[in-house]
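Chemist: Here the protein sequences come in this chain order: S and W. Here the first sequence is numbered in the working numbering, starting from 1 and rising by one per residue. Here the second sequence is numbered in the working numbering, starting from 154 and rising by one per residue. All C-beta atoms, glycine included, are put in the ideal place defined by N, C-alpha and C.
Number of protein chains: 2
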Amino acid sequence: MTSQQASGIAATDSDDLVDTLVQSAFATMAVLTRIAAEHDLSLTQLRVLAILRDRRPRMTALADYLGLEKSTMSGLVDRAERRGLLERVPGAGDGRAVDVQLSTAGAEIVDRVHDTIREALAPMTSELGPAEQRRLQNLLRRMFPPRSPESAA
Amino acid sequence: MTSQQASGIAATDSDDLVDTLVQSAFATMAVLTRIAAEHDLSLTQLRVLAILRDRRPRMTALADYLGLEKSTMSGLVDRAERRGLLERVPGAGDGRAVDVQLSTAGAEIVDRVHDTIREALAPMTSELGPAEQRRLQNLLRRMFPPRSPESAA
DNA sequence: TATTGTTATACTCTATAACTATA
DNA sequence: TATAGTTATAGAGTATAACAATA
Numbered sequence: 001m002t003s004q005q006a007s008g009i010a011a012t013d014s015d016d017l018v019d020t021l022v023q024s025a026f027a028t029m030a031v032l033t034r035i036a037a038e039h040d041l042s043l044t045q046l047r048v049l050a051i052l053r054d055r056r057p058r059m060t061a062l063a064d065y066l067g068l069e070k071s072t073m074s075g076l077v078d079r080a081e082r083r084g085l086l087e088r089v090p091g092a093g094d095g096r097a098v099d100v101q102l103s104t105a106g107a108e109i110v111d112r113v114h115d116t117i118r119e120a121l122a123p124m125t126s127e128l129g130p131a132e133q134r135r136l137q138n139l140l141r142r143m144f145p146p147r148s149p150e151s152a153a
Numbered sequence: 154m155t156s157q158q159a160s161g162i163a164a165t166d167s168d169d170l171v172d173t174l175v176q177s178a179f180a181t182m183a184v185l186t187r188i189a190a191e192h193d194l195s196l197t198q199l200r201v202l203a204i205l206r207d208r209r210p211r212m213t214a215l216a217d218y219l220g221l222e223k224s225t226m227s228g229l230v231d232r233a234e235r236r237g238l239l240e241r242v243p244g245a246g247d248g249r250a251v252d253v254q255l256s257t258a259g260a261e262i263v264d265r266v267h268d269t270i271r272e273a274l275a276p277m278t279s280e281l282g283p284a285e286q287r288r289l290q291n292l293l294r295r296m297f298p299p300r301s302p303e304s305a306a
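Put into structure tokens, the structure is as follows:
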């Protein structure tokens, strides 16, 4: 029984694409939030670690990417650093800059979480056949194209 | 120029369905969070108001639905009630129960936010043709079926 | 002067534990 | 006893404003 069934709150009938997108986003985020919490991470902390997986950005770049204030970033990095998940290192070439990188422990936990997320979403994705999965991915990517520096005008 | 382009953080190449789903969910949530903030609402407050749009649930039902503790619910309802967005009313038939309902002001704001969300997501959905939109909706609904009390075993 | 980052402060969100009132 | 809800407390996430150090 889901929490909704327990709560007696029913889904509405209005069901256009926007509603479906929003509901799917909440369902996906609920999975991510739950798995992050199982590893004592907030969703934001998990995002930070995930970004650091293959990058070592400046504090400012990290804040920009996440859409957060630099002061918020300081707090997030403080707490993650205190837990030994990441490290601050002097930014190359600029005496003011601070780069952020994963620690070994941080890299391990983000790998584990990544695997767990894939397992947790597998029951959903496996509702679709291989061709349908490709089609869904193509449709979503057209709506939400991956952002990259090369696409700058 | 997007914040990512400014930040110099590039998307990775690994791009299976799970990654696309997660990225799409974050992109969608970013839109919702931004629009909620423009109306001085947190995402959670917006969810509360959206649920109340066509329902008048108990405190407990609301907390269950959102996956929050009842004490958290008390705080959320406190702040929303203080702002005049909703009202507590005695629950029918149980002297302990409290039902929650939108105020007129709350109903107005949730309608406005709802419209704004549709407008904000329109550029994305309109990347797809009508048949593609139907296909995407069907695929997503198969992965994330709408929860309803009737589906209980 | 402008930029990078931190610190101080305040508010929201969240959970746990203890409590009151009702069932 | 069990359930519905609130209150007290604590910690995380967030923003704004003021600051220090570097460019």
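Using DSSP with H/G/I as helix, E/B as strand and the rest coil, what is Ala123/S?
Modeler: Just to set this straight, residue 123/S is Pro in the shown sequence, not Ala. Looking at Pro123/S - three-state DSSP - the assignment turns out to be helix.
Chemist: In chain order, which alpha helix (DSSP H) runs of at least 4 residues are fully inside the region 31–104 of chain S?
Modeler: Complete alpha helix (DSSP H) runs here, min 4: 43–52, 59–66, 70–82.
Chemist: Does DSSP put Phe297/W in a helix, a strand or coil?
Modeler: Of the three classes helix, strand and coil, the one that applies to Phe297/W here is coil, per DSSP.
Chemist: In three-state terms, what does DSSP make of Gly259/W?
Modeler: Residue state, collapsed to three classes: helix.
Chemist: Roughly how far, in whole angstroms, is the beta-carbon of Arg209/W from the beta-carbon of Val263/W, given that I think they are within contact range, below 8 angstroms?
Modeler: Not quite, the Cβ-Cβ distance comes to about 14 angstroms (not below 8 angstroms), so this is no contact.
Chemist: Could you name the residues of the same chain whose beta carbon sits closer than 7 angstroms to that of Leu121/S, not counting the 5 residues immediately before and after it, in chain order?
Modeler: Val31.
Chemist: Quick check: does the Cβ of Gly75/S come within less than 7 angstroms of any heavy atom belonging to the ligand ADP?
Modeler: Only the bare structure without any ligand can be found here, which leaves the ligand ADP out of the picture.
Chemist: Is Leu128/S helix, strand or coil by DSSP?
Modeler: In the structure shown, Leu128/S sits in coil (DSSP, three-state: anything other than H, G, I, E or B).
Chemist: Using the beta-carbon of each residue, which ones in chain W are nearer than 7 angstroms to Thr20/S?
Modeler: Residues of chain W passing the Cβ test: Gln290, Leu293, Arg294.
Chemist: Kindly say whether Glu280/W, judged by its beta-carbon, lies nearer than 8 angstroms to any beta-carbon of chain S.
Modeler: For Glu280/W, the answer is yes, since a Cβ of chain S falls inside 8 angstroms of its Cβ.
Chemist: Is it buried or exposed for Val18/S, if we count other Cβ within 10 angstroms and need 16 for buried?
Modeler: Label assigned to Val18/S: buried.
Chemist: Mind pulling the chain S residues with CB within less than 7 angstroms of Arg271/W?
Modeler: Going along chain S in sequence order, the residues near Arg271/W (Cβ under 7 angstroms) are Val18.
Chemist: For Gln290/W, is the classification buried or exposed, using 16 other Cβ atoms within 10 angstroms of its Cβ as the cut-off for buried?
Modeler: Gln290/W should be labelled buried.
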